[in-house]
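Novice:
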Amino acid sequence: MKEGIHPKYQECKVTCACGNTFTTESTEKEIRLDVCSACHPFFTGQQKFTHRGGRVEKFKNKYNLD
């Protein structure tokens, strides 16, 4: 790597909208997030799985076929 052309890689404080904070390394001093692993539905298990069905299923249900 060439000297003097790359930004400084430093410790960074990451803050989420839910209040969770942690540190990592980045070229930024501070990063603010909307969603982190502590509040994201996929990681917390609050994700809802609903079978909405496709067009064929909706058509069959609408006209009582099957």
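Position 22 of the sequence shown, counting from 1, maps to 19 under the numbering used here, and the rest follow consecutively.
Where is the CB? At the ideal position from N, CA and C, for every residue including glycine.
#1: Whose C-beta lies closer than 7 Å to the C-beta of His6 among residues of the same chain, with five residues either side of it excluded?
#2: If you measure from the CB of Gln43, is any heavy atom of the ligand SAM nearer than 7 Å?
#3: The alpha helix (DSSP H) with Thr101 in it runs from where to where?
#4: Taking just the CA atoms, how far does Gly50 sit from Val11?
#5: Using the Cα positions of His42 and Gly1, report the straight-line distance between them to the nearest angstrom.
#6: Suppose the cutoff is 6 Å on Cβ atoms and the five residues either side in sequence are ignored; what does the same chain contact list for Leu88 look like?
Specialist: This is what the structure holds:
#1: Correcting the residue identity first, residue 6 is Tyr in this sequence and not His. Around Tyr6: Glu22 and Thr24.
#2: Ligands in the displayed structure: none, and consequently the ligand SAM is not present.
#3: For the chain, the structure presents residues -2 to 63; residue 101 sits outside this window and is missing.
#4: 39 Å
#5: Reading off the sequence shown, one finds Gly at residue 42, where the question assumed His. The alpha-carbon atoms of Gly42 and Gly1 are separated by roughly 45 Å.
#6: Since the displayed the chain opens at -2 and closes at 63, residue 88 lies outside it and no answer follows.
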